[in-house]
Amino acid sequence: MSIAEIDLHSALKKYFGFSGFKGLQEEVIKNVIEGNNTFVIMPTGGGKSLCYQLPALIKDGTAIVVSPLIALMKNQVDAIRAVSENEGVAHVLNSSLNKTEVRRVKDDIVNGITKLLYVAPESLTKEEYVDFLRSVQVSFMAVDEAHCISEWGHDFRPEYRNLRHILKRIGDNIPIVGLTATATPKVQEDILKSLGMTDAVTFKASFNRPNLYYEVRPKTKNVDADIIRFVKQNEGKSGIVYCLSRKRVEELAQVLQVNGVKAVPYHAGLDAKTRVKHQDMFLMEDADVVVATIAFGMGIDKPDVRFVIHHDIPKSIESYYQETGRAGRDGGEGHCLAFYAYKDIEKLEKFMSGKPVAEQEIGHALLQEVVAFAETSISRRKFILHYFGEEFDTETGEGGDMDDNVRNPKKQVESKNEVKI
Ligand code: ADP
Ligand code: MG
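Every letter in the sequence shown is one number past the one before it in UniProt numbering, and letter 403, counting from 1, is 403.
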């Protein structure tokens, strides 16, 4: 089957009900169908899943999708099943299945019904599964959240380290598709090497979020009052306030409530029921503000979050980008306000002191970038995009004036400019 013969647009419409591709999707999909190793770097929400789902549905055989989170795999499988006549079209293979269920999955694969098989990396350490997958027709292997393979990423998972060997055992010439939202050159290099696909065709979308306004303010002892004032000025709008500790989350949520703000706390120390309740309150707009640790956000898709406040500066630029990225998903206003004090950096350094030396070194290097970002007088957007390996011109680029440094240049920058003129 040549690509020319397949009408990708009608397949997109038929399976997903979408009327057009987003960004680089179509090019990526053609490349995957052609059977090349492919590397996809797109920000969260960019539409990476479709880049392997559509080719999997079109190609002969079963695509194996490695993904780190069982909840996310289940979501995807449910979504695919909903648009297909046959629920065997997608399966998850994991340790929670009983013998009968595993039998069913295997039968569906052997019978050519299953186009997408989701597996957690730890399931692939099972000899029985690897032997089985060796014996069937695999169209390609997709590694989602591929940054989990790199110690330089924000979510390193040791189980990802062995993937290359396991994938090779399943089949030597099976194309690999790696996908990630982490754009730092170091992580990218790690992924390509670790997956043994330095020959991959790379597709990288821009990480610019032109509708987000970036601002960093000094963090003083009045930080709570500063936050209250900001939130009050934005009354009725949805926002997230990130804090480092659970204790701070509880305190700040209370302070906001006392000041008449509809705020709820969210952190991993709350029981599951309360977490779900608070999350729903935020989604349903019974609460305007959620004060949270970084436990909040994964998979939360509220399009009209109007501000993200960092009460504490994050431990890397990637975390900052991910967390601020939850603002303005709908393309509307998104104010990203971070409070910064150098002593918070020292606190973060101290947290790492018990960790292995290599990890500390990486953590330290990532923190230094955060310091540079917080203290810079150049465009924050330019800084972030440069960190992600992207050139940005504040004069011509979209959103070029959307940060505090560009709007209100600091003194020394002005004087430098004057010397030039
Ligand atoms: P990522 O994995 O890059 O974070 P997802 O694959 O989860 O992004 O997709 C984000 C959202 O975009 C999903 O709700 C998905 O349904 C939607 N989406 C993806 N592709 C398209 C498209 N071509 N048209 C419209 N919506 C799309
Ligand atoms: Mg994804």
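C-beta atoms are modelled at their ideal positions from N, C-alpha and C, and glycine is treated no differently.
Since the model is a prediction, treat every value here as computed from it, not as a measurement.
Asked: Assigned exposure category for Y342 - 16 Cβ within 10 Å defines buried; Found: exposed
Asked: Proximity test, D67 beta-carbon vs the ligand ADP heavy atom, cut-off 6 Å; Found: The amino acid occupying residue 67 in the given sequence is Ser; Asp does not appear at that position. Outside the cutoff, so no.
Asked: K13: CB within 6 Å of a non-hydrogen atom of the ligand ADP; Found: no
Asked: Minimum C-alpha distance to N173 - residue among V201, V138, V187; Found: V138
Asked: Same chain only: Cβ atoms within 6 Å of K13, ignoring 5 sequence neighbours per side; Found: none
Asked: In chain order, each beta strand (DSSP E) run of at least 3 residues that lies wholly inside the UniProt domain "Helicase C-terminal" (222-379); Found: 238-242, 263-266, 289-292, 305-310, 334-340
Asked: Proximity winner among F388, R326, A181, relative to K48 (alpha-carbon distances); Found: A181
Asked: Segment contact, 8 Å Cβ cut-off, at least three pairs: the segment 212-222 with the segment 47-64; Found: no
Asked: The ligand ADP heavy atom lying under 6 Å from the CB of L50; Found: yes
Asked: Cβ contact check for the segment 31-40 and the segment 80-97: 3 or more pairs under 8 Å; Found: no
Asked: Beta-carbon proximity check, I166 vs M197, cutoff 7 Å; Found: no
Asked: Minimum C-alpha distance to K247 - residue among E390, N222, G269; Found: G269
Asked: Pair within 7 Å by beta-carbon distance, L195 and R161; Found: no
Asked: heavy atom of the ligand ADP below 6 Å from T182 C-beta; Found: no
Asked: Residue interval of the alpha helix (DSSP H) (run including R104); Found: 99-110
Asked: D155 in three-state terms, based on DSSP; Found: coil
Asked: Buried versus exposed, by CB contacts within 10 Å (16 or more), E359; Found: exposed
Asked: First through last residue of the alpha helix (DSSP H) which encompasses Y185; Found: Looking at the sequence itself, residue 185 is Pro, so the reference to Tyr does not match. From DSSP, the alpha helix (DSSP H) with P185 extends over 185-194.
Asked: Beta carbon of F307 nearer than 7 Å to that of H335; Found: yes
Asked: Validate contact between the segment 234-252 and the segment 363-378 using beta carbons, cut 8 Å, 3 pairs; Found: no
Asked: F203 versus L24: straight-line alpha-carbon distance, rounded; Found: 7 Å
Asked: Rounded separation between D404 and A338 - CA only; Found: 11 Å
Asked: Rounded separation between A263 and P121 - CA only; Found: 38 Å
Asked: E414 in three-state terms, based on DSSP; Found: Legend: pLDDT at E414 = 43, less than 50; position of this residue unreliable, value from coordinates given subsequently. Helix.
Asked: beta-carbon G45 near the ligand ADP non-hydrogen atom, thresh 6 Å; Found: yes
Asked: Near the ligand ADP: K22 beta-carbon under 6 Å from a heavy atom; Found: yes
Asked: Nearest-angstrom Cα separation, counted from S316 out to L366; Found: 5 Å
Asked: Ordered list of beta strand (DSSP E) runs contained in the segment 28-96, each at least 3 residues; Found: 38-41, 62-66, 90-93
Asked: Distance CB(V241)-CB(I149) smaller than 7 Å; Found: no
Asked: Any 3 or more C-beta pairs closer than 8 Å across the segment 393-407 and the segment 374-381; Found: yes
Asked: The segment 310-329 contacting the segment 62-78, beta-carbon criterion three pairs below 8 Å; Found: no
Asked: Contacts around T125, its chain only, beta-carbon distance under 8 Å, and the 5 residues preceding and following it disregarded; Found: E159, N162, I166
Asked: D131 versus K106 - alpha carbon distance; Found: 12 Å
Asked: For L116, the residue or residues it bridges with in DSSP; Found: A63, A90
Asked: Unbroken alpha helix (DSSP H) run spanning Y213, endpoints; Found: That residue, Y213, is in no alpha helix (DSSP H); its beta strand (DSSP E) goes 212-218.
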